[in-house]
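Take 131 as the starting number for the sequence shown in the numbering used here and just add one per residue. Remarks on the structure that follows.
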Amino acid sequence: MAEMASPGAQSRLTCRAGEGAPMAGGGVAMVSMSYVAWMAEFMTSCGIARAALLKGTGLENRDLSEPGGISDAQHIRLLRNARRLSRDPALGLALGSNRPISTFDSLGFAMLCSETLREAILMGCQYQKVPGRFSGRLVFLSLRTEGDEAVLEVEAAVAPDDLVLFAVEDMLGSILSVTRWVTGRPLPLREIRCGFPRPAHGESYRQYFTCPVVFDAPRTQVRFDAAFLGTRLPMASSNAARIYRAQCEKLINADGGGEDEWVRNIRTQMLMFSDRLLSPEECAVRLGVSPRTLRRRLEERGMSYKGIVDDVRAGLARSYLESSRLSVEAIAEQLGFSEPTSFTRAFRRWTGMSPREFRKHESREPWPSLFGND
């Protein structure tokens with residue numbers, strides 16, 4: 131019996147963002163700073179220097195204690211840094227299985243305050259597009275029951291190819307940590323089915339899953355005792371859950387930006403490759419359509435590919451100038467401009483002022499530290 135439909139199904143670890151895939155929204159989508167701060171702390175405990183982890187993101191260590199968030203492009207840079215520095219191929223499993231529920235912000239607290247585990251999981255499935263929720267942007271989760279088994283199915287959605295397995299493993303680990311947080315007990319696992327070949331680090335799965343793990347399965351699934359879905363949660367509070375659900379609704383509505391999903395698909399692909407200009411042909415391949423179809427669908431909406439490119443670059447540029455300490459030269463490089471002068475000309479065309487003028491007149495102090503500039 132299906133309990134929650136999941137869009138954009140992918141049975142294997144491929145990443146083609148079709149029209150049903152969850153998108154990051156127009157402009158610069160945010161990833162919660164609480165998650166970034168926790169991730170930095172976790173990586174530090176693994177012996178990774180924070181300065182190295184944050185390199186190229188526009189963040190400094192003192193920024194992590196402040197509210198706000200980072201863009202999807204900054205987040206991808208952070209993840210790639212973490213993978214490269216840790217040299218741990220099972221890092222996704224480690225991050226997911228250790229992640230505190232508080233790093234899911236409003237969604238995490240809404241799940242924590244639900245009446246039962248079933249309600250908490252369905253809450254998580256319903257609000258997977260809430261800005262700031264890492265795994266929900268890259269992979270999708272659905273719940274159903276088959277006889278006496280509950281089935282949580284993980285599906286690849288949109289992610290750079292080098293991060294797809296990482297994102298799926300993060301979600302698998304997060305299922306363990308979130309269910310443990312909300313129930314206070316480990317999930318009674320029966321079987322893990324992985325819709326991809328056994329990776330080189332396949333032996334690591336034994337460390338995280340106390341059940342049989344099957345690779346090369348038709349789909350990626352976490353199977354457990356369905357009776358556990360009825361577990362009453364110790365922190366249940368209908369009033370609190372209602373408040374946090376309302377916050378999730380507000381975030382979902384704000385994330386839409388009035389743009390249809392097709393255009394948001396294109397924007398997200400550009401954000402994934404913000405350090406270089408993604409050609410229309412490359413974008414079409416990643417969306418699973420022909421360049422002609424891509425062009426036609428944009429024309430139907432009265433839009434052009436170049437116009438969306440400019441919008442994405444302009445949004446990222448404003449974000450970097452307002453909320454990071456990156457130099458104009460570094461921002462130009464981040465956005466794929468061959469020369470800072472080319473970036474300056476483009477930015478003047480977008481805003482009517484130079485990057486330095488914009489930073490002087492429009493920027494806010496980037497997440498000022500509560501403890502000064504020590």
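All C-beta atoms, glycine included, are put in the ideal place defined by N, C-alpha and C. Just so we're clear, the structure is a prediction, and the values are computed from it rather than from any experiment.
Contact between the stretch 169-176 and the stretch 417-429 is absent, with fewer than three C-beta pairs closer than 8 Å. Between L317 and F345, the C-beta spacing is not below 7 Å.
Residues of the same chain with a CB within less than 7 Å of the CB of A347, apart from the 5 flanking positions on each side, are R323, C324 and G325 in chain order. Judged by their CB atoms, S272 and E283 are nearer to each other than the 7 Å cut-off.
Counting other Cβ atoms within 10 Å of its Cβ, A356 reaches 16 or more and is therefore classed as buried. If you look at F354, you'll find it in the beta strand (DSSP E) that goes T350 to D355. Rounded to whole angstroms, the separation of the alpha carbons of R372 and L417 is 36 Å. For A286, the enclosing beta strand (DSSP E) begins and ends at E279 to A286. Around the C-beta of S472, fewer than 16 other C-beta atoms lie within 10 Å, and the residue is accordingly described as exposed. For Y335, the CB contacts under 6 Å within the same chain, skipping 5 residues up- and downstream, are V343 in chain order.
Burial state of G199 is buried, judged by a 10 Å Cβ sphere holding 16 or more other Cβ atoms. In this structure, the CA atom of Q377 is about 7 Å from the CA atom of S236. Beta-bridge partners of G199 (DSSP): S162. In the DSSP assignment, L271 is bridged to V284.
Take R180, set aside five residues on each side of it, and the residues of its chain with a beta-carbon closer than 7 Å to its own are A170, T174 and N191, in chain order. Per the coordinates, the alpha-carbon of L363 lies some 37 Å from the alpha-carbon of D291.
In the assembly as shown, A182 is an exposed residue. Its beta-carbon has fewer than 16 other beta-carbons within 10 Å. Taking G226 as the centre and dropping the five residues before and after it, the same chain places the C-beta of E299, D300, M301, L302, G303, S304 and S307 closer than 7 Å to its C-beta, in chain order.
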